[in-house]
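Notes for the one structure printed next.
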Amino acid sequence: RLQQTVNYYGQTQTMDAQGRVLVQSSVREAAELTKEVTVLGYTDHLFVQNSERIAQAVQTPLSREEMEALDKLWSRDVGKGQGKQFNRLEAAIDGDMIFAVGADGDLVALDRMNGDRLWEVDLDAEITGGVGAAEGMLLVGTATGRVIALYQEDGEEIWQSQVGGEVLAPPATNGEVVVVQTFNGKLVGLNAINGEKMWEYGIQLPVLTLRGTAAPVIEAGAVFVGFANGKLVSLDADSGVVRWEGRVALA
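Numbers 6 to 256, taken from this note's numbering, label the letters of the sequence shown in order.
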């Protein structure tokens, strides 16, 4: 469980009871990490490092050189990293596997503990959102508004679906519905089995917005997502009907 917020690498990050720093650009699920290791990431490389050393250093920002001086357990190249658009591509952890994708479409599965490459596929697409990993599925989004679903076991494609806008955040799934937010203010629910559109919700974007969107979260039959207009919205995962909404920031 998350315990406190610290200043890490020049950014505000969260540290848990074991001293693990959860870096937003590479880790989404704290519960999937062991007490001994944590995952860090930037540009085109993944690093797994000893969390005790990190715990001693989190009170002050670390430079890139200082971070690389930590006890490195393993590292692997991942395609061309974030690409020229500086996409916020994130690695995902599910069970004993780490999944990462480069902007050039190079998707890899790695053993969490030793970094062994389990499989690799070329998606032949410019990836701008990902990786989402849950319920045995992997999900990524492209610059042309496609969502691609694959099996975690071997990277085999399940389906592709067009959502009508560039995908800049990892899609989410509960095994029944896949939810994705697009850059133009749409939230789309897709059938997790075949990728068919189930519902769509949209907002009016502010006149000026930054390039980036929040990743949706699915919990207990509800979807939670933040929008560029400063609102946090909860929708029914099956129908897309709004349950409630609230303003959490000015836009």
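We treat Cβ as the ideally placed atom computed from N, Cα and C, and that holds for glycine.
**Message:** According to DSSP, N196 sits in a beta bridge with which residue or residues?
**Reply:** V182
**Message:** Suppose you measure from the CA of N234 to the CA of I153; what does that come to, to the nearest Å?
**Reply:** 27 Å
**Asked** Which parts of the stretch 83-137 are runs of the beta strand (DSSP E), unbroken and 3 residues or longer, counting only runs that do not cross its ends?
**Response** 97-99, 102-106, 111-116, 122-127
**Prompt:** Smallest Cα separation from N92: which of A108, V83, D101, D82?
**Reply:** A108
**Message:** I'd like to know whether the C-beta atoms of G200 and W249 end up nearer to each other than 7 Å.
**Reply:** no
**Message:** So, under 8 Å CB-CB, G146 and V185 are touching, yes? Tell me the CB distance rounded to an integer number of Å.
**Reply:** 6 Å
**Request:** Starting from E224, follow the beta strand (DSSP E) in both directions and report where the run begins and ends.
**Result:** 222-224
**Request:** Note the first and the last residue of the continuous beta strand (DSSP E) segment covering S68.
**Result:** Element bounds for S68: n/a, residue is neither H nor E.
**Asked** Between the Cα of P211 and the Cα atoms of F232, A220, V182, which residue gives the shortest distance?
**Response** F232
**Message:** Assuming S166 is part of the beta strand (DSSP E), what are its boundary residues?
**Reply:** 162-167
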